[in-house]
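Enquirer: Below is the structure I would like to discuss, written out as structure tokens.
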Amino acid sequence: MTDMLLDIKGLTKAYPGVVANNDVSFEINRGEVHALLGENGAGKSTLVKMIYGLVKPDSGSMTLNGDEFSPASPNDARSGGVAMVFQHFSLFDALSVAENIALGMDNSPKPRELAKSIREVSQAYGLPLEPNRIVGTLSAGERQRVEIIRCLLQNPKLLIMDEPTSVLTPQEVDILFKTLRQLKAEGTAILYISHKLEEIRALCDTATILRHGEKVDTCIPAQTTARNMAEMMVGASFANPIRSNRSIGHTILSVRALSTKAADPFGTSLHNIHFELKAGEILGIGGVAGNGQDELLAVLSGEVQSQPEAISFKGKPVGHCGPNKRREIGILSAPEQRLGHAAAPAMSLKENTVITAARRMTLVQNGFINWKVTDEFSKNIIADFDVRTPGTDTPAGSLSGGNLQKFVVGREVLQNPEVLIINQPTWGVDAAAAASIRQKLLDLANRGASVIVISQDLDELLEISDRFCALNEGRLSEILPSAGLELDQIGLMMGGSSDRVQETSP
Amino acid sequence: MIRFEKRLSPSRATTIITPIIAVILTMIAGGIMFALLGKPPLEAIRIIFWDPLFDPTFASYSRPQLLVKAGPLILIAIGLSIGFKAGIWNIGAEGQYIMGAIFGAAAALAFFPAESALIFPLMVISGALGGWLWAMIPAILRAKFKTNEILVSLMLVYVAESILASVAQGLLKNPDGYGFPGSRNLQQYPSAFNAEVIANSGMHWGVISAFMAVIFTYVMMTRHIRGFEVRLLGEAPKAAQFAGVSTTRLTIFCLGFSGALAGLAGMFEVSGPAGQITIDFNSGYGFTAIIVAFLGRLHPVGILMAGLLMALTYIGGELAQLMLGLPGASIQLFQGMLLLFLLATDVFTNYRIRIGVAH
Numbered sequence: 009m010t011d012m013l014l015d016i017k018g019l020t021k022a023y024p025g026v027v028a029n030n031d032v033s034f035e036i037n038r039g040e041v042h043a044l045l046g047e048n049g050a051g052k053s054t055l056v057k058m059i060y061g062l063v064k065p066d067s068g069s070m071t072l073n074g075d076e077f078s079p080a081s082p083n084d085a086r087s088g089g090v091a092m093v094f095q096h097f098s099l100f101d102a103l104s105v106a107e108n109i110a111l112g113m114d115n116s117p118k119p120r121e122l123a124k125s126i127r128e129v130s131q132a133y134g135l136p137l138e139p140n141r142i143v144g145t146l147s148a149g150e151r152q153r154v155e156i157i158r159c160l161l162q163n164p165k166l167l168i169m170d171e172p173t174s175v176l177t178p179q180e181v182d183i184l185f186k187t188l189r190q191l192k193a194e195g196t197a198i199l200y201i202s203h204k205l206e207e208i209r210a211l212c213d214t215a216t217i218l219r220h221g222e223k224v225d226t227c228i229p230a231q232t233t234a235r236n237m238a239e240m241m242v243g244a245s246f247a248n249p250i251r252s253n254r255s256i257g258h259t260i261l262s263v264r265a266l267s268t269k270a271a272d273p274f275g276t277s278l279h280n281i282h283f284e285l286k287a288g289e290i291l292g293i294g295g296v297a298g299n300g301q302d303e304l305l306a307v308l309s310g311e312v313q314s315q316p317e318a319i320s321f322k323g324k325p326v327g328h329c330g331p332n333k334r335r336e337i338g339i340l341s342a343p344e345q346r347l348g349h350a351a352a353p354a355m356s357l358k359e360n361t362v363i364t365a366a367r368r369m370t371l372v373q374n375g376f377i378n379w380k381v382t383d384e385f386s387k388n389i390i391a392d393f394d395v396r397t398p399g400t401d402t403p404a405g406s407l408s409g410g411n412l413q414k415f416v417v418g419r420e421v422l423q424n425p426e427v428l429i430i431n432q433p434t435w436g437v438d439a440a441a442a443a444s445i446r447q448k449l450l451d452l453a454n455r456g457a458s459v460i461v462i463s464q465d466l467d468e469l470l471e472i473s474d475r476f477c478a479l480n481e482g483r484l485s486e487i488l489p490s491a492g493l494e495l496d497q498i499g500l501m502m503g504g505s506s507d508r509v510q511e512t513s514p
Numbered sequence: 445m446i447r448f449e450k451r452l453s454p455s456r457a458t459t460i461i462t463p464i465i466a467v468i469l470t471m472i473a474g475g476i477m478f479a480l481l482g483k484p485p486l487e488a489i490r491i492i493f494w495d496p497l498f499d500p501t502f503a504s505y506s507r508p509q510l511l512v513k514a515g516p517l518i519l520i521a522i523g524l525s526i527g528f529k530a531g532i533w534n535i536g537a538e539g540q541y542i543m544g545a546i547f548g549a550a551a552a553l554a555f556f557p558a559e560s561a562l563i564f565p566l567m568v569i570s571g572a573l574g575g576w577l578w579a580m581i582p583a584i585l586r587a588k589f590k591t592n593e594i595l596v597s598l599m600l601v602y603v604a605e606s607i608l609a610s611v612a613q614g615l616l617k618n619p620d621g622y623g624f625p626g627s628r629n630l631q632q633y634p635s636a637f638n639a640e641v642i643a644n645s646g647m648h649w650g651v652i653s654a655f656m657a658v659i660f661t662y663v664m665m666t667r668h669i670r671g672f673e674v675r676l677l678g679e680a681p682k683a684a685q686f687a688g689v690s691t692t693r694l695t696i697f698c699l700g701f702s703g704a705l706a707g708l709a710g711m712f713e714v715s716g717p718a719g720q721i722t723i724d725f726n727s728g729y730g731f732t733a734i735i736v737a738f739l740g741r742l743h744p745v746g747i748l749m750a751g752l753l754m755a756l757t758y759i760g761g762e763l764a765q766l767m768l769g770l771p772g773a774s775i776q777l778f779q780g781m782l783l784l785f786l787l788a789t790d791v792f793t794n795y796r797i798r799i800g801v802a803h
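Right, dumping it as structure tokens:
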């Protein structure tokens, strides 16, 4: 057992009203890439927080290198050789790469030495990064490199990575995996959290599967199928979304020469966006986060207005209309950020229904809200989309991410939109719920509505969209039929190369 | 170890209980302070909280005074609470109160000495208009130039005070006043006098308006889409934008509404309890109302209670100064304690205390 690095025995952690982890035991060996799998709320983050010293377990023990390991803080964990790359980066936009890294270190070296070691580490692991660049100008992939290098500078024995590929293009994922394999060869253990089961099959040696806070299974990912792992996570089998052949109608929404200017210095401007959307069609828009997705949704939903002719609906210019006017004529939308944008966390589900459905569902008459009708419509959403909640008076913020997402999607779909624009429909949603949301979007298109799905999940886009394009630095790539699209081609579209090829070729 | 732990959802019971606990804590801490000043603590507390309402000697004077003082506080605080809910901070109610008084008094004095049943309604409209116009300055500056409404509305208080001093000595000065600054006394002008509706109750039209404002606001905030938009803007500005709420229009509405109510309060004050425009006509109602709005948790019924409580500490405090010779500063300190404890106990609405080892 000399290979064993971290041994976890019977870790239990309860919060008021929920047991986040119950008697979880597993071990991680040196040079092993160990996947941690589970639905949202299965207890993955609590578990890694305990390993990283952010949360103290109620009971259970850990040994690291054979010694007792009970980190009281992330500092303790780091000095024990545990490092973590978080899903959400904690970087300061206005500071340089080196300054950001220095801020995260316990005793940072002189700036020049630090810059030198950053260059060394970035070369050694094939992660090109210039220490003097301002973080605000970096892409999401480059920002992740900052976080990884920050960890690597501490020579970790165990590197924890939380959903590292959710912000990367396929090419960037390849680079990351090369780095991780190199680390593995050097004997570093990696605890890898992801929803992307194919990636886990390609990268990980072992997978521990959590469900409702308990370890339910272990498997060797390479020897099983993604579907098998998904079913182990959910604890049941579920149906894949079914595509039926549907007829595509006339153009219903057309966008011509749409450009916007970013409101804040680190925002993205949209440049000369063109596309046409036909009735019954699902258009998938891919791209790495931060390339104009939020801006595109805002300008299509009406939160940001444009030239009237830039967007036309059934031949009529609507670019100057606000969100409510667009909802009235049938253009509905659901933004990516659930809490605070699509829904108000402190308000009840019933009240959140009013946010977008007030006019189209006539929940408001003569300025007064009809709470009875609102309550009924909210109950419809909850029933139809299987939202798990005690009732319509529950604050939106107390729902789990997946349940709130079902509510937000349901609120728009049940208003019978003619065009639905949706950003990240299944982000942070478990596999079964994601499948049911995709099915609902397909059903909506089958009824003749048009759907624009903006997503960073390529599998999702290829599964449900009829045509595919990608956003890169606020520009839209050419639009191609999704069927038969190669991953390489998609990567080029996401990287903006397909456009450049178009521009240079006569 | 004692730690705060966030509640899953705000506790409704605590929302109601914490103000009561805060009052009790104020009594204890205030009592200690009074004792340290060498005054009998229990008697001082009794004089502040009990005697103004129930002592046979004082109650006949104090009870009407309670409504007279609480009326403007509630009226102004109700207006402010709407903006505060939406995250629009009108700090200048004092200035809007002054402008309402000037506009209301000017409307009356323009017709002096003609008598007509139309004069008082005209004064009501002018008073509201005066406060509304004064609040439109920060509103439009914010909407057009993104200025900070906190600073602009606050600065305009001092401008309004200067205008008040100027009109009291010039434009509205009583021609028969032997050169003294100050306008004619509206209490002696029957068409303009905001007399008590029920004799010796303190219940003048301003108090009735305050009660009506409480009901109106309650209905608007719970049932009307405008109230919903106000709450949404305060809770989640991006969600409000997504809901198609125009921040500009709502800013103008909230500032205008609070300005109009503050103006009304000033107009009812000048035509009733105060009687005339004088240099020092304003007495800080506009600022105290900010405290009242938060004491009442920005809820209409809460503000009603908070306004009455605040008025009680004023009247009781005056009484305690008179009866026990307590220094005025100690009464202000006592009121400060009340606010401190209310805000401190507010933490328990969203957090609970846990005693034990950290998990």
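Taken in order, these protein sequences are the chains called A and B. FYI, in my numbering the residues of the first sequence are 9 to 514. FYI, in my numbering the residues of the second sequence are 445 to 803. Ideal Cβ placement from N, Cα and C applies to all residues, glycine included. Because the structure is a prediction, the values reported are computed rather than measured.
1. Under 8 Å by Cβ, that's how I've got I201 of chain A and E180 of chain A pegged, so tell me the actual separation to the nearest angstrom.
2. Could you name the residues of the same chain whose beta carbon sits closer than 7 Å to that of N332 of chain A, not counting the 5 residues immediately before and after it, in chain order?
3. Note the first and the last residue of the continuous beta strand (DSSP E) segment covering F34 of chain A.
4. What residues match up with A1 of chain A in a beta bridge as DSSP calls it?
5. At which residues does the beta strand (DSSP E) containing L72 of chain A begin and terminate?
6. Is the distance from the Cβ of T661 of chain B to the Cβ of T462 of chain B below 8 Å?
7. Hey, out of A:T361, A:E121, A:L308 and A:K269, whose CA is closest to T382 of chain A's CA?
8. Output the distance between the C-alpha atoms of I2 of chain A and F97 of chain A, rounded to the nearest integer angstrom.
9. How far does the beta strand (DSSP E) with V312 of chain A in it reach, from first residue to last?
10. Apart from the five residues just before and just after P249 of chain A, which ones in its own chain have a Cβ nearer than 7 Å to its Cβ?
11. Check this for me: beta carbons of L515 of chain A and I109 of chain A, under 8 Å apart or not?
12. State the start and end residues of the unbroken beta strand (DSSP E) segment that holds T15 of chain A.
13. With a CB to CB cut of under 7 Å and the five nearest residues on each side skipped, what residues in its chain are close to Q510 of chain A?
14. Ordered along the chain, which non-local residues of its own chain (more than five positions away) have a Cβ less than 6 Å from that of N1 of chain A?
15. Below 8 Å between beta carbons is the criterion; list the residues of the region 652-670 of chain B that meet it against any residue of chain A, in chain order.
16. Taking only three categories from DSSP, how would you classify D724 of chain B?
17. Going by the DSSP bridge assignment, what does H668 of chain B pair with across the sheet?
18. Hey, is G8 of chain A's beta-carbon within less than 8 Å of any beta-carbon in chain B?
19. In chain A, what lies closer than 7 Å to K682 of chain B by C-beta?
20. Does G728 of chain B pass the burial test, meaning 16 or more other C-beta atoms within 10 Å, or should it be called exposed?
21. Spatial neighbours of G719 of chain B within its chain, please: C-beta separation below 6 Å, excluding the five flanking residues on both sides.
22. Note down, in chain order, all residues in the region 575-606 of chain B with a beta-carbon under 8 Å from any beta-carbon belonging to chain A.
23. 8 Å is my cut-off, CB to CB: does L188 of chain A come that close to chain B?
24. Find out if the Cβ-Cβ distance for the pair G327 of chain A, I319 of chain A is shorter than 8 Å.
25. Ignore the nearest five residues each way along the sequence and tell me which others in T458 of chain B's own chain have a CB closer than 6 Å to its CB.
26. I want to know whether the region 774-783 of chain B touches the region 469-488 of chain B - three or more CB-CB distances under 8 Å.
27. DSSP state of T268 of chain A, grouped into three classes?
28. Does the region 389-398 of chain A come within contact of the region 413-424 of chain A, defined as at least 3 CB pairs closer than 8 Å?
29. Report the three-state DSSP secondary structure of E289 of chain A (helix, strand or coil).
30. Counting only beta-carbon separations shorter than 8 Å, does F637 of chain B have a partner in chain A?
31. Below 8 Å on the Cβ atoms is my contact criterion, and I expect L782 of chain B with T470 of chain B to pass it. Report the Cβ-Cβ distance as a whole number of Å.
32. Can you pull out the residues from the region 329-342 of chain A whose beta carbon lies closer than 7 Å to at least one beta carbon of chain B?
33. Suppose you measure from the CA of A764 of chain B to the CA of F493 of chain B; what does that come to, to the nearest Å?
34. Does Q540 of chain B have its Cβ less than 8 Å from a Cβ in chain A?
35. Thinking C-beta only, is T501 of chain B closer than 8 Å to A587 of chain B?
36. Beta carbon of Q432 of chain A, beta carbon of S458 of chain A: below 8 Å?
Expert: A quick look at the data gives this:
1. On the first sequence, residue 201 of chain A is found 193 positions in, with the first residue counted as 1. On the first sequence, residue 180 of chain A is found 172 positions in, with the first residue counted as 1. Going by Cβ atoms, the distance from I201 of chain A to E180 of chain A rounds to 18 Å, so no, they are not a contact pair.
2. As a working note, residue 332 of chain A is residue 324 in the first sequence. So the list reads R367, once near-sequence residues are dropped.
3. Counting from 1 along the first sequence, the entry for residue 34 of chain A is found at position 26. V26 to N37 is the extent of the beta strand (DSSP E) around F34 of chain A.
4. There is no way to answer for residue 1 of chain A, as the model of chain A reaches only from 9 to 514.
5. Within the first sequence, numbered from 1, the residue matching residue 72 of chain A stands at position 64. L72 of chain A -> beta strand (DSSP E) spans S67 to L72.
6. For this step, residue 661 of chain B is matched to residue 217 along the second sequence. For this step, residue 462 of chain B is matched to residue 18 along the second sequence. Not closer than 8 Å, so no.
7. Residue numbering aside, residue 382 of chain A sits at position 374 when the first sequence is read from its first letter. When only C-alpha atoms are compared, the closest one is A:T361.
8. Lying outside 9 to 514, the shown extent of chain A, residue 2 of chain A is not represented and no answer is given.
9. By 1-based counting over the first sequence, the position of residue 312 of chain A is 304. Run containing V312 of chain A: none; DSSP gives neither H nor E here.
10. One-based indexing of the first sequence puts residue 249 of chain A at position 241. Closer than 7 Å at Cβ, skipping near neighbours: A443, R446, Q447, L450, E471 and I472.
11. Coverage of chain A is limited to positions 9 through 514, which leaves residue 515 of chain A absent and any answer about it impossible.
12. Counting from 1 along the first sequence, the entry for residue 15 of chain A is found at position 7. Just to set this straight, residue 15 of chain A is Asp in the shown sequence, not Thr. That run of the beta strand (DSSP E) goes M12 to Y23.
13. Within the first sequence, the letter at position 502 stands for residue 510 of chain A. Here the model assigns Q510 of chain A a pLDDT of 44, short of 50, so the residue's position is not dependable, and the following value carries that caveat. Taken in chain order, the residues that qualify are E486.
14. Within the shown structure, residues of chain A are numbered from 9 to 514, placing residue 1 of chain A beyond reach of any answer.
15. R667, H668, I669 and R670
16. As a working mapping, residue 724 of chain B is identified with position 280 in the second sequence. Coil at D724 of chain B, not helix or strand.
17. Numbered from 1 along the second sequence, position 224 holds the residue referred to as residue 668 of chain B. H668 of chain B pairs with A:F376.
18. Residue 8 of chain A lies beyond the stretch modelled for chain A, which goes from 9 to 514, so this question has no answer here.
19. Here residue 682 of chain B corresponds to residue number 238 of the second sequence, with the count starting at 1. Per Cβ cutoff of 7 Å: G348 and H349.
20. Here the question's residue 728 of chain B lines up with position 284 in the second sequence. By the 10 Å Cβ count, G728 of chain B comes out exposed.
21. Reading the second sequence from its first residue, position 275 is the one you call residue 719 of chain B. N629, L630 and Q631, listed in sequence order.
22. none
23. As a first step, residue 188 of chain A must be located in the first sequence, where it is residue number 180. Not one chain B Cβ lies under 8 Å of L188 of chain A.
24. Your numbering for residue 327 of chain A matches position 319 in the first sequence. Your numbering for residue 319 of chain A matches position 311 in the first sequence. Yes, they are a contact pair.
25. For the purposes of this step, residue 458 of chain B is taken as residue 14 along the second sequence, with counting starting at 1. Counting only Cβ-Cβ distances below 6 Å, and skipping sequence neighbours, we find F792 and T793.
26. yes
27. Here residue 268 of chain A is taken as the residue at index 260 of the first sequence, counted from 1. It is a strand residue.
28. Because the criterion of three Cβ pairs below 8 Å is met, the region 389-398 of chain A and the region 413-424 of chain A touch.
29. Numbered from 1 along the first sequence, position 281 holds the residue referred to as residue 289 of chain A. In the structure shown, E289 of chain A sits in coil (DSSP, three-state: anything other than H, G, I, E or B).
30. Taking the second sequence and counting its residues from 1, the one referred to as residue 637 of chain B is at position 193. No, F637 of chain B lies away from the interface with chain A (no Cβ there is under 8 Å from its Cβ).
31. Mapped onto the second sequence, residue 782 of chain B falls at position 338. Mapped onto the second sequence, residue 470 of chain B falls at position 26. That pair is a contact at about 5 Å.
32. G330, P331 and N332
33. Mapped onto the second sequence, residue 764 of chain B falls at position 320. Mapped onto the second sequence, residue 493 of chain B falls at position 49. About 10 Å.
34. Position 96 of the second sequence holds residue 540 of chain B. So, not an interface residue.
35. For the purposes of this step, residue 587 of chain B is identified with residue 143 of the second sequence, where counting begins at 1. For the purposes of this step, residue 501 of chain B is identified with residue 57 of the second sequence, where counting begins at 1. No, Cβ-Cβ distance for A587 of chain B and T501 of chain B is not below 8 Å.
36. In the first sequence, the residue the question calls residue 432 of chain A occupies position 424. In the first sequence, the residue the question calls residue 458 of chain A occupies position 450. Their beta carbons are not under 8 Å apart, which means Q432 of chain A does not touch S458 of chain A by this criterion.
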